[in-house]
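Trainee: Quick note, the sequence shown lines up with residues 1 to 444 if you use the numbering used here.
Encoded as structure tokens, here's the structure I'll be asking about.
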Amino acid sequence: MSESQNIEWKESWRDEYLKWICGFANAQGGRIYIGTDDRGTVIGVTDCKKLLEDIPNKVRDILGIIVDVNLLIQDGKEYIEICVNPSSYPVNFKGEYHYRSGSTKQLLRGSALTEFLLSKTGYKWDAVPVDGVTVDDLDKESFDIFRREALRSGRMAEEDLSMNNEQLLDSLGLIENGKLKRAAILLFHRNPEKWVTGAYIKIGYFGEGSDLRYQDEIHGSLFMQADRVVELIYLKYMRAIISYDNVTRVETYPLPKAAVREVVYNAIIHSNYAALIPIQIRIHEDAVYVSNDCIFPVGWTIETLMERHRSVPYNPNIANGFFSAGYVETWGRGIEKICEACKNHGILMPEYTLHLEDIMVKLTPLTQFKVPKESDGTLNGTLNVTLERNILSVIIENPHVTQAQIAVILECSERKVKRVMKEMIEKGIIERVGGRKIGKWIKK
Numbered sequence: 001m002s003e004s005q006n007i008e009w010k011e012s013w014r015d016e017y018l019k020w021i022c023g024f025a026n027a028q029g030g031r032i033y034i035g036t037d038d039r040g041t042v043i044g045v046t047d048c049k050k051l052l053e054d055i056p057n058k059v060r061d062i063l064g065i066i067v068d069v070n071l072l073i074q075d076g077k078e079y080i081e082i083c084v085n086p087s088s089y090p091v092n093f094k095g096e097y098h099y100r101s102g103s104t105k106q107l108l109r110g111s112a113l114t115e116f117l118l119s120k121t122g123y124k125w126d127a128v129p130v131d132g133v134t135v136d137d138l139d140k141e142s143f144d145i146f147r148r149e150a151l152r153s154g155r156m157a158e159e160d161l162s163m164n165n166e167q168l169l170d171s172l173g174l175i176e177n178g179k180l181k182r183a184a185i186l187l188f189h190r191n192p193e194k195w196v197t198g199a200y201i202k203i204g205y206f207g208e209g210s211d212l213r214y215q216d217e218i219h220g221s222l223f224m225q226a227d228r229v230v231e232l233i234y235l236k237y238m239r240a241i242i243s244y245d246n247v248t249r250v251e252t253y254p255l256p257k258a259a260v261r262e263v264v265y266n267a268i269i270h271s272n273y274a275a276l277i278p279i280q281i282r283i284h285e286d287a288v289y290v291s292n293d294c295i296f297p298v299g300w301t302i303e304t305l306m307e308r309h310r311s312v313p314y315n316p317n318i319a320n321g322f323f324s325a326g327y328v329e330t331w332g333r334g335i336e337k338i339c340e341a342c343k344n345h346g347i348l349m350p351e352y353t354l355h356l357e358d359i360m361v362k363l364t365p366l367t368q369f370k371v372p373k374e375s376d377g378t379l380n381g382t383l384n385v386t387l388e389r390n391i392l393s394v395i396i397e398n399p400h401v402t403q404a405q406i407a408v409i410l411e412c413s414e415r416k417v418k419r420v421m422k423e424m425i426e427k428g429i430i431e432r433v434g435g436r437k438i439g440k441w442i443k444k
């Protein structure tokens, strides 16, 4: 039998193996065999009697736990079995917290240590009470946003929303023993970065490679960020494809707003804010990437996300606040909604990539797709075909319109309009009759 999640082989005892016992206690428990090689073959130890006394005492004095230490015999050779039960509280070795993962021992640091300690004490990160901040310190605009959205979505009745701010926070489970939880600070304080550095969103528009063209940062409470981020993306970072239904102007954006909204809200809710790294949105012409630090539920993979799954929010108090405001559901349907929106919009499904400490979602805009070959064998991009239709709509409405005027109406370059209209003339779609000043366009 080889080493595994719960078994470790050691040829002889060393006091540093107390770290392995610490790791087993902090994980799922396990057994350490002293007097075996790395394949599990018994080679025996000569000082079993002394070890039977020393090991339990050292474990008790240094780690503060009790383990079973047994003497075993195989083929006349004595060896030691140390049985470690999982501990219900954090166990440390001289201030260090070790954890058994797979067949390795890991020293917990940073956000991993924070998450481990909180899980052992029964707290979620966003549920920890914060000293030195009161309800009066919170932001009025953030409460207004919450009340507006909760009423609009029907998640809360008007009479429930008429309670004062402290009563509202208490009804949302954001107060414990008279203190505000971290979630309350993040959701409703105008400057949550005073307590949680990195609790904001960065947006950047990129050209080729690492060429950053322009960027924005969205600060404030999470409700303020949620209220502003999607609109900013569509107003500043995405250009709609303009078409006309007779004389009605129709704007089609490269990505469905419902999908982008769900992706961004998921990032806000599930972000590991203890990592102190902002949510990042990279926008390219051919792709949009949304990434946030995260800690996946144990045993989950990208495949788990893409299947139907139950809701397991990393920040349940923040998630409850967003649910009460009507921003999200609580059935783990976020991915399904994103996929449905992408399918209805005619774009590829979202691509999820899980890195060591973060998750990234890639959305592929509409402008990437090509239309099938036409009867004359040419291959036009979606934008060119759409532009042809838009030009037709304009000249049907005003046959005397000039190419410069068409470019202004369609918010497109005059050079591109001239090129596409030349192709349309060659295809026999339109023709120009009369002179430059008194001529007009005709749809053939």
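C-beta atoms are modelled at their ideal positions from N, C-alpha and C, and glycine is treated no differently.
#1: Exposed or buried, what is residue 413 when buried is set at 16 or more other beta-carbons lying within 10 Å of its beta-carbon?
#2: Would you list the residues sitting across from residue 360 in a DSSP beta bridge?
#3: Among 227, 176 and 207, which has the Cα closest to the Cα of residue 200?
#4: Report the partner residues of residue 83 according to the DSSP bridge assignment.
#5: Could you tell me the boundaries of the beta strand (DSSP E) in which residue 206 lies?
#6: Rounded to the nearest angstrom, what separates residue 9 and residue 40 at their Cα positions?
#7: Just list the residues that DSSP pairs residue 11 with in beta bridges.
#8: Hey, would you say residue 257 sits closer than 9 Å to residue 230, going by beta carbons?
#9: Starting from the C-beta of residue 166, find all residues in its chain whose C-beta is less than 7 Å away, skip the five residues before and the five after it, and write them out in chain order.
#10: Could you give the distance in angstroms between the alpha-carbon of residue 81 and the alpha-carbon of residue 112?
#11: Can the beta-carbon of residue 100 be found closer than 9 Å to that of residue 28?
#12: Could you tell me whether the stretch 180-192 touches the stretch 206-224, using the rule of 3 or more Cβ pairs below 8 Å?
#13: Have a look at residue 420 and residue 215 and give me their C-alpha separation to the nearest angstrom.
#14: Please look up how many angstroms separate the CB atoms of residue 314 and residue 294, rounded, as I've assumed it's under 8 Å.
#15: State the CB to CB distance for the pair residue 177 and residue 129, rounded to an integer number of angstroms; the pair is presumed to be in contact (CB under 8 Å).
#16: For residue 270, count the other beta carbons within 10 Å of its own beta carbon; 16 or more makes it buried, fewer makes it exposed. Which is it?
#17: Could you please give the first and the last residue of the uninterrupted beta strand (DSSP E) stretch that includes residue 336?
#18: When we look at the beta-carbon of residue 345 and count the other beta-carbons within 10 Å, is it buried (16 or more) or exposed?
#19: Reducing DSSP to helix, strand and coil, say where residue 256 ends up.
#20: Quick one: what does DSSP say residue 212 is sitting in, helix, strand or coil?
#21: Express the C-alpha separation of residue 279 and residue 182 in angstroms, rounding to a whole number.
#22: Below 7 Å CB to CB, which residues in the same chain sit around residue 311 once its five sequence neighbours on both sides are set aside?
#23: Between residue 224 and residue 141, what straight-line distance do the alpha-carbon atoms span, to the nearest angstrom?
Mentor: If we stick to the structure as given:
#1: exposed
#2: 291 and 353
#3: 227
#4: 31 and 68
#5: 201-206
#6: 6 Å
#7: According to DSSP, residue 11 bridges with nothing at all.
#8: yes
#9: 135
#10: 30 Å
#11: yes
#12: yes
#13: 33 Å
#14: 6 Å
#15: 7 Å
#16: buried
#17: Note, residue 336: premise wrong, no beta strand (DSSP E); alpha helix (DSSP H) at 334-345.
#18: buried
#19: coil
#20: strand
#21: 18 Å
#22: 330, 331 and 332
#23: 8 Å
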